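This report concerns only the one structure given below.
Chains as they are written, first to last, in this note's numbering: chain A, 10 to 310; chain B, 300 to 620.
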């Protein structure tokens, strides 16, 4: 019997022990969807994703179609459900294409930051030598407020979607790495890790089969909150003129363009702002719900 | 006490290299911005000779490492250099522009702390009551609201429709007296709302944890009055969390203030930054970022020191009090 088999058997025993505990609980999906707000959040997120994917089919106008004779039409005008902007562009169509940009960037950023942050965090949590250096670097990166860091980087790189992505990854990765490191430090000392180590379980096995699953839940919550954060940061950078470039509509730059017309065209800022608000709210609620599901202390309260 | 001083010194020794590395990073980052600042300064009609002349005056013709050395030397004496555009010392420009930003950030911090902690405490004391549910719903919405959108909604509502408050602008207290407060109401609300939400939620969940601890039960069993238990025993233990959140809050608010200043046309750091970037005014971007980094590091240092004051369990390293 080789070591990996022994490790496997121990894992099975542990899993059995866990499943006894799990048996007392309801399934996590049931707990998650007990809250109607969470269901609504999921519907909204899924809806926006759908709209983003099928944007060219759903939008009645191309995003840059200008009609100078129908400028600043209020919502409900014939043919323009959400009105038109200062150049006569259809707001609904721009919002649909904007969803594409905003969600595309946020998904990309969340996935990249998740992968990068978790890798760095686990590495830092396991290696004492690397920990010191990595933590100094994250301290440094976090000593600039996200908007200021974004401002400086975008000034150097110039506005484009790729650079926006780089900026958001640089800004958010240290924060996720910190959480991953903190959780790893706690898990590292757990008896079951010592058990696997004592049976010469490989490092890869320890990381992927033991550490990762045990630090996953706070990180999923963190990433959920970060998704909303990425949308808002993109919008904030748009206000500084360094968000998505003007030729690519995003919820952020539609909102920031609309601010000048607040008197004559309130819908130009209220519509994209509300869309962002609801997206952040949906992800926050989902994140909260996931935390409650994973936190046994919340049961029975 | 000796341990405490040692702890302070250790924290300072930690911050200095961090600040130095950040300053170096910022200096070289600024040099990566595309475009020649001398050319940007002179405008499109400049001749090559003129550009060379200005470069020499600005010190841009020297090797980068020499420029860095001079700059760093000046930095140690507290001199952030000369602005290409304004032809004034950066120190003075930042000093005038940082006042509105600081004002907004500090007022928002105090308001968020008072309201956020109060909401959190009420929510925790009356857990699962109607009030608690209301506060939880309210703070959930507050945390999700994009502050720039909120600012625009506030302008629309109080500035355009109701005409109660000015839609934009800024007056110093000397200029406007009490009138100057009117200009700050909307920006402060816009920034504070998110932070109030976060603080209230953090205080609520921390208090809920603390109230389940054994020592609270002991205090109850001893027959201590409810308010004594809540304030002296429970709240004291959530102070640490409040401190941590306040530190993070300040960083978020500096970023928020920059955007809010653009929306409300307030002559602060935000506007200065954006103008400096379009004008390629290195010295100002550099100086502004350094001021913010150092402010942030100092805030963190103060938070660390306060930890030690509030929580006697924080160890100062090798020895304990």
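Backbone N, C-alpha and C fix where the C-beta goes; we use that ideal spot for every residue, glycine too. What you are looking at is a predicted structure, and each value in this text was computed from that prediction instead of being measured.
Inter-residue spacing [alpha-carbon to alpha-carbon] between residue i and residue j
i: residue 138/A; j: residue 198/A; result: 17 Å
i: residue 301/A; j: residue 41/A; result: 8 Å
i: residue 81/A; j: residue 61/A; result: 25 Å
i: residue 33/A; j: residue 295/A; result: Interpretation of residue 33/A is limited by its pLDDT of 49, a score under 50 that renders its predicted location unreliable; the figure taken from the coordinates is listed afterwards. So the alpha carbons of these two residues sit roughly 23 Å apart.
i: residue 268/A; j: residue 404/B; result: 22 Å
i: residue 297/A; j: residue 423/B; result: 17 Å
i: residue 434/B; j: residue 450/B; result: 22 Å
i: residue 298/B; j: residue 492/B; result: Residue 298/B lies beyond the stretch modelled for chain B, which goes from 300 to 620, so this question has no answer here.
i: residue 324/B; j: residue 334/B; result: 19 Å
i: residue 168/A; j: residue 609/B; result: 45 Å
i: residue 56/A; j: residue 410/B; result: 37 Å
i: residue 600/B; j: residue 538/B; result: 17 Å
i: residue 408/B; j: residue 544/B; result: 11 Å
i: residue 486/B; j: residue 115/A; result: 27 Å
i: residue 460/B; j: residue 482/B; result: 17 Å
i: residue 413/B; j: residue 533/B; result: 17 Å
i: residue 479/B; j: residue 447/B; result: 22 Å
i: residue 304/B; j: residue 194/A; result: 29 Å
i: residue 90/A; j: residue 546/B; result: 44 Å
i: residue 500/B; j: residue 419/B; result: 6 Å
i: residue 349/B; j: residue 342/B; result: 11 Å
i: residue 279/A; j: residue 452/B; result: 7 Å
i: residue 380/B; j: residue 352/B; result: 19 Å
i: residue 389/B; j: residue 587/B; result: 9 Å
i: residue 527/B; j: residue 517/B; result: 13 Å
i: residue 39/A; j: residue 48/A; result: 11 Å
i: residue 213/A; j: residue 360/B; result: 53 Å
i: residue 604/B; j: residue 592/B; result: 18 Å
i: residue 542/B; j: residue 602/B; result: 6 Å
7 Å Cβ cutoff met for residue i and residue j
i: residue 582/B; j: residue 382/B; result: yes
i: residue 260/A; j: residue 227/A; result: no
i: residue 253/A; j: residue 265/A; result: no
i: residue 416/B; j: residue 484/B; result: no
i: residue 385/B; j: residue 392/B; result: yes
i: residue 454/B; j: residue 444/B; result: no
i: residue 285/A; j: residue 239/A; result: no
i: residue 263/A; j: residue 163/A; result: no
i: residue 133/A; j: residue 146/A; result: no
i: residue 287/A; j: residue 53/A; result: yes
i: residue 72/A; j: residue 106/A; result: yes
i: residue 68/A; j: residue 131/A; result: no
i: residue 312/A; j: residue 75/A; result: Any property of residue 312/A remains undetermined from this structure, which presents chain A solely from 10 to 310.
i: residue 568/B; j: residue 427/B; result: no
i: residue 570/B; j: residue 336/B; result: no
i: residue 458/B; j: residue 157/A; result: no
i: residue 308/B; j: residue 165/A; result: no
i: residue 598/B; j: residue 523/B; result: no
Residue span of the alpha helix (DSSP H) that contains residue i, given as start and end
i: residue 270/A; result: It is not in any alpha helix (DSSP H) - residue 270/A carries neither H nor E in the DSSP assignment.
i: residue 206/A; result: 200-207
i: residue 151/A; result: Looking at the DSSP string, residue 151/A is not in any alpha helix (DSSP H), and its letter there is neither H nor E.
i: residue 256/A; result: Taken as a continuous stretch (DSSP letters only), residue 256/A belongs to no alpha helix (DSSP H), as it is neither H nor E.
i: residue 128/A; result: 100-135
i: residue 328/A; result: In the structure as shown, chain A begins at 10 and stops at 310. Residue 328/A is therefore absent and cannot be evaluated.
i: residue 237/A; result: 221-248
i: residue 183/A; result: 170-197
i: residue 595/B; result: 581-609
i: residue 414/B; result: 389-424
i: residue 366/B; result: 363-375
Nearest-angstrom Cβ-Cβ length linking residue i and residue j, presumed shorter than 8 Å
i: residue 196/A; j: residue 299/A; result: Not quite, the Cβ-Cβ distance comes to about 19 Å (not below 8 Å), so this is no contact.
i: residue 607/B; j: residue 306/B; result: 6 Å
i: residue 242/A; j: residue 177/A; result: 6 Å
i: residue 276/A; j: residue 100/A; result: 7 Å
i: residue 685/B; j: residue 572/B; result: Outside the displayed span of chain B (300 to 620) sits residue 685/B, for which this structure offers no information.
i: residue 560/B; j: residue 436/B; result: Not quite, the Cβ-Cβ distance comes to about 31 Å (not below 8 Å), so this is no contact.
i: residue 151/A; j: residue 184/A; result: 7 Å
i: residue 234/A; j: residue 292/A; result: 7 Å
i: residue 249/A; j: residue 160/A; result: 6 Å
Per-residue contacts from residue i into chain C (C-beta, under 8 Å)
i: residue 595/B; result: Considering every chain present, this structure includes no chain C. Its protein chains are A and B.
### Message
Any C-beta of chain B within less than 8 Å: which residues of the stretch 255-280 of chain A qualify?
### Response
Going along the stretch 255-280 of chain A in chain order, one finds 264, 265, 267, 268, 271, 272, 275, 278, 279 with a Cβ nearer than 8 Å to chain B.
### Task
Please name the residues in the stretch 160-193 of chain A whose beta-carbon is closer than 9 Å to at least one beta-carbon of chain B, in chain order.
160, 161, 162, 163, 164, 165, 166, 167
### Query
If contact means a Cβ-Cβ distance below 8 Å, which residues of the stretch 535-548 of chain B contact chain A?
none
### Task
With 8 Å as the C-beta to C-beta threshold (strictly closer), list the residues of the stretch 50-71 of chain A near chain B in chain order.
none
### Query
Taking any Cβ of chain B, which residues in the stretch 118-148 of chain A have a Cβ under 8 Å from it, in chain order?
145, 148
### Against chain A: residues of the stretch 553-567 of chain B by CB proximity under 7 Å
553, 554, 557, 558, 561, 562
### Query
When you check each C-beta in the stretch 285-303 of chain A against every C-beta of chain B, which residues fall closer than 9 Å?
Cβ contacts with chain B come from 285, 286, 287, 288, 289, 290, 291, 292, 293, 294, 297.
### Task
Using a Cβ-Cβ cut-off of less than 8 Å, list which residues of the stretch 91-112 of chain A approach chain B; keep chain order.
For the stretch 91-112 of chain A, the beta-carbon criterion of a distance under 8 Å to any beta-carbon of chain B is satisfied by none of its residues.
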